[in-house]
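Notes follow once the structure below has been shown.
Residue numbers (UniProt numbering): 1 to 127.
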């Protein structure tokens with residue numbers, strides 16, 4: 001399998017969680033805002049929309065390989081921040097797993113930031 005095919009598969013796999021999560025937040029923005037308010041985030045409705053759009057648009061950008069480095073960097077920072085805000089409870093095994101999942105995703109996203117989206121992407125098709 002070629003390196004570019006592997007990069008494409010990696011982009012697909014890492015984008016799915018953000019696309020699904022962003023779509024889920026948009027379709028239940030009230031519930032998302034309620035949760036954000038409960039954990040003490042400021043302006044929960046505005047924050048819910050910003051997070052939902054970041055996840056959905058960022059995930060789609062990575063999927064198709066358009067501005068993927070920027071999207072990956074933003075989502076890496078978001079993954080670390082959301083891990084620290086929502087999953088930083090090491091007394092709860094599930095939250096520990098979710099925190100480590102966020103760190104792992106951030107690692108993959110930073111690799112994508114460093115090395116780009118590969119030849120099988122809209123960025124390369126436009127070049």
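Ideal placement from N, C-alpha and C gives every residue a C-beta, glycine not left out.
Residue i in three-state terms, based on DSSP
i, result
"residue 51", "helix"
"residue 107", "helix"
"residue 100", "helix"
"residue 22", "helix"
"residue 65", "coil"
Host alpha helix (DSSP H) of residue i (start-end)
i, result
"residue 137", "Only positions 1 to 127 of the chain appear in this structure, which leaves residue 137 out of reach."
"residue 36", "29-38"
Backbone CA spacing between residue i and residue j [nearest angstrom]
i, j, result
"residue 35", "residue 59", "22 Å"
"residue 68", "residue 43", "28 Å"
"residue 75", "residue 99", "15 Å"
"residue 107", "residue 14", "11 Å"
"residue 46", "residue 1", "43 Å"
"residue 18", "residue 56", "6 Å"
"residue 118", "residue 7", "6 Å"
"residue 94", "residue 3", "34 Å"
"residue 163", "residue 88", "Lying outside 1 to 127, the shown extent of the chain, residue 163 is not represented and no answer is given."
"residue 81", "residue 96", "14 Å"
"residue 25", "residue 5", "30 Å"
"residue 129", "residue 79", "With the chain represented from 1 up to 127, any question about residue 129 goes unanswered, as that position is not in the structure."
Proximity test, Cβ basis, 8 Å: residue i and chain D
i, result
"residue 86", "You won't find chain D in this structure, because it holds only one protein chain."
beta-carbon residue i near the ligand GDP non-hydrogen atom, thresh 7 Å
i, result
"residue 125", "Ligands are entirely absent from the displayed structure, and the ligand GDP is therefore not among its contents."
Handout entry: Segment contact, 8 Å Cβ cut-off, at least three pairs: the segment 113-124 with the segment 29-41
Key = no
Handout entry: Contact between the segment 106-115 and the segment 44-55 (3+ Cβ pairs under 8 Å)
Key = Here the segment 106-115 does not lie against the segment 44-55, with fewer than 3 beta-carbon pairs under 8 Å apart.
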